[in-house]
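Participant: Take this structure, written in structure tokens, and hold onto it; I'll ask about it next.
Numbering (the working numbering), first residue to last: -4 to 143.
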């Protein structure tokens, strides 16, 4: 299992971990509601949507980096609009069908944003699984200038 996880992009793993942690924290508060099933369904539908959007964001960024600048901008714009349309479809579907709570689904989708703010927590989880990240120095000095 660890080998499968380590093949996943580390930043994507941290983002997905944060989304799931956010969903777990929100689920604790759902237990205080009267209609637990509907709120839980809406929340986890939103969490699933956020996780799919995070994966799609990583995938589209990865593809766009191989394109020329103009095509990359166009590709990223198209994929961002596609993600927004999926989010609107999920929220509208939840609201129209009455299955799950649309506000709980919106809260779950906001797990994507909350996960970005929880990066300092998910980075610790990532370090446990991946090991410490060794980054190269940002600015390398030429060998001759270090002696001065």
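Glycine included, each C-beta is placed from N, C-alpha and C at the ideal position.
For the pair the segment 105 to 119 and the segment 7 to 26, tell me if three or more CB-CB distances fall below 8 Å.
Facilitator: yes
Participant: May I ask you to verify whether the segment 38 to 57 touches the segment 89 to 102, counting CB pairs closer than 8 Å and requiring at least 3?
Facilitator: As far as the Cβ criterion goes, the segment 38 to 57 touches the segment 89 to 102, which means the pair count is three or higher.
Participant: Quick one: using the 10 Å Cβ neighbour count with 16 as the cut-off for buried, is residue 72 buried or exposed?
Facilitator: Counting from 1 along the chain shown, the entry for residue 72 is found at position 77. Counting Cβ neighbours within 10 Å, residue 72 comes out exposed, since fewer than 16 surround it.
Participant: Using only the alpha-carbon positions, how far apart do residue 111 and residue 117 sit?
Facilitator: Position 116 of the chain shown, counted from the first residue, corresponds to residue 111. Position 122 of the chain shown, counted from the first residue, corresponds to residue 117. Whole-angstrom Cα-Cα distance: 9 Å.
Participant: Express the C-alpha separation of residue 30 and residue 7 in angstroms, rounding to a whole number.
Facilitator: Mapped onto the chain shown, residue 7 falls at position 12. Mapped onto the chain shown, residue 30 falls at position 35. Answer to the nearest angstrom: the Cα atoms are 33 Å apart.
Participant: Quick check: what's the CA-CA separation for residue 60 versus residue 67?
Facilitator: On the chain shown, residue 60 is found 65 positions in, with the first residue counted as 1. On the chain shown, residue 67 is found 72 positions in, with the first residue counted as 1. Cα to Cα, the separation comes out at about 7 Å.
Participant: Which whole-angstrom value is the C-beta distance of residue 81 and residue 48, which I expect to be below 8 Å?
Facilitator: Numbered from 1 along the chain shown, position 86 holds the residue referred to as residue 81. Numbered from 1 along the chain shown, position 53 holds the residue referred to as residue 48. Confirmed, Cβ separation roughly 7 Å.
Participant: Considering Cα atoms alone, identify which of 52, 24 and 126 is closest to residue 79.
Facilitator: Counting from 1 along the chain shown, the entry for residue 79 is found at position 84. The residue with the shortest Cα to Cα distance from residue 79 is 52.
Participant: Just to check my reading of the structure: residue 99 and residue 34 have Cβ atoms closer than 8 Å, yes? What is that Cβ distance to the nearest angstrom?
Facilitator: Start at 1 with the first residue of the chain shown, and residue 99 comes out as number 104. Start at 1 with the first residue of the chain shown, and residue 34 comes out as number 39. Contact holds; Cβ gap of about 5 Å.
Participant: Do residue 95 and residue 24 have their CB atoms nearer than 8 Å?
Facilitator: Walking along the chain shown from the start, residue 95 turns up at place 100. Walking along the chain shown from the start, residue 24 turns up at place 29. Contact flag unset, no.
Participant: My parser needs the alpha helix (DSSP H) runs of 4 or more residues fully inside the segment 73 to 123; what are they?
Facilitator: 97 to 104 and 106 to 112
Participant: Look up residue 60 in the DSSP assignment and say whether it is helix, strand or coil.
Facilitator: Position 65 of the chain shown, counting from 1, holds the residue named residue 60. Coil, per DSSP.
Participant: Could you have a look at residue 30 and say whether DSSP puts it in helix, strand or coil?
Facilitator: For the purposes of this step, residue 30 is identified with residue 35 of the chain shown, where counting begins at 1. In the structure shown, residue 30 sits in coil (DSSP, three-state: anything other than H, G, I, E or B).
Participant: Please report how far the alpha carbon of residue 10 lies from the alpha carbon of residue 44, in whole angstroms.
Facilitator: Start at 1 with the first residue of the chain shown, and residue 10 comes out as number 15. Start at 1 with the first residue of the chain shown, and residue 44 comes out as number 49. Cα-Cα distance, rounded: 13 Å.
Participant: Just mark residue 63 as buried or exposed, buried being the case when its beta carbon has 16 or more other beta carbons within 10 Å.
Facilitator: Residue mapping note: residue 63 aligns to position 68 of the chain shown, counting from 1. With fewer than 16 other Cβ atoms within 10 Å, it is exposed.
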